[in-house]
Ligand SMILES: Cc1cc2nc3c(=O)[nH]c(=O)nc-3n(C[C@H](O)[C@H](O)[C@H](O)COP(=O)(O)O)c2cc1C
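Residue numbers (our numbering): 8 to 138.
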């Protein structure tokens, strides 16, 4: 399989609000299992950051669907491209992490390419992983 990864940030739309997040996570987990996509969604009450990895065609199709989802706005790809080796989140069809620190995702949104992945890795230990 040609592995491909993509990371973006976005902001929840005013019309949706945080109440839609459990539904997003539930549907994502079920759908990603079927398409063999793994990854992590981080939410701070306002901003999302999501990392998705899997077959390149599946990841690109999913990112187009997510980008068009009206529950969030300002969809901005920070980094995307093929990679080799192990998946980063091999045992999660979509892990979910919450942070109360509103600055973390705002700061992350400034970075691109490898720097974005480096900063993403650095913020993970500060987030609360939720089942
Ligand atoms: C922040 C955010 C993250 C999402 N992540 C995923 C995901 O990882 N997998 C997924 O299938 N859908 C995800 N969705 C939902 C998709 O946008 C879409 O609603 C869902 O895949 C169902 O698509 P369909 O109605 O065309 O079947 C996400 C939506 C948002 C707003």
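A virtual CB, placed ideally from N, CA and C, is assigned to each residue, including glycine.
Within 10 Å of its beta-carbon, does residue i have 16 or more other beta-carbons around it, so buried, or fewer, so exposed?
i           : result
residue 121 : exposed
residue 8   : exposed
residue 33  : exposed
Can you determine whether any heavy atom of ligand 3 sits closer than 7 Å to the C-beta of residue i, and answer yes or no?
i          : result
residue 80 : In the structure shown, ligand 3 is absent; the only ligands present are ligand 1.
Sort out for me which residues DSSP pairs residue i with in a bridge.
i          : result
residue 62 : 10
residue 67 : DSSP output for residue 67 lists no bridge partner at all.
Between which two residues does the beta strand (DSSP E) containing residue i stretch?
i           : result
residue 129 : Premise fails: residue 129 lies in the alpha helix (DSSP H), 120-130, not in any beta strand (DSSP E).
Below 8 Å on the Cβ atoms is my contact criterion, and I expect residue i with residue j to pass it. Report the Cβ-Cβ distance as a whole number of Å.
i           : j           : result
residue 46  : residue 60  : 6 Å
residue 101 : residue 35  : 4 Å
residue 16  : residue 116 : 4 Å
If you follow the alpha helix (DSSP H) that residue i is part of, which residue opens it and which one closes it?
i          : result
residue 86 : Not the alpha helix (DSSP H): residue 86 falls in the beta strand (DSSP E), residues 79-89.
Helix, strand or coil for residue i, going by three-state DSSP, please let me know.
i           : result
residue 45  : strand
residue 107 : coil
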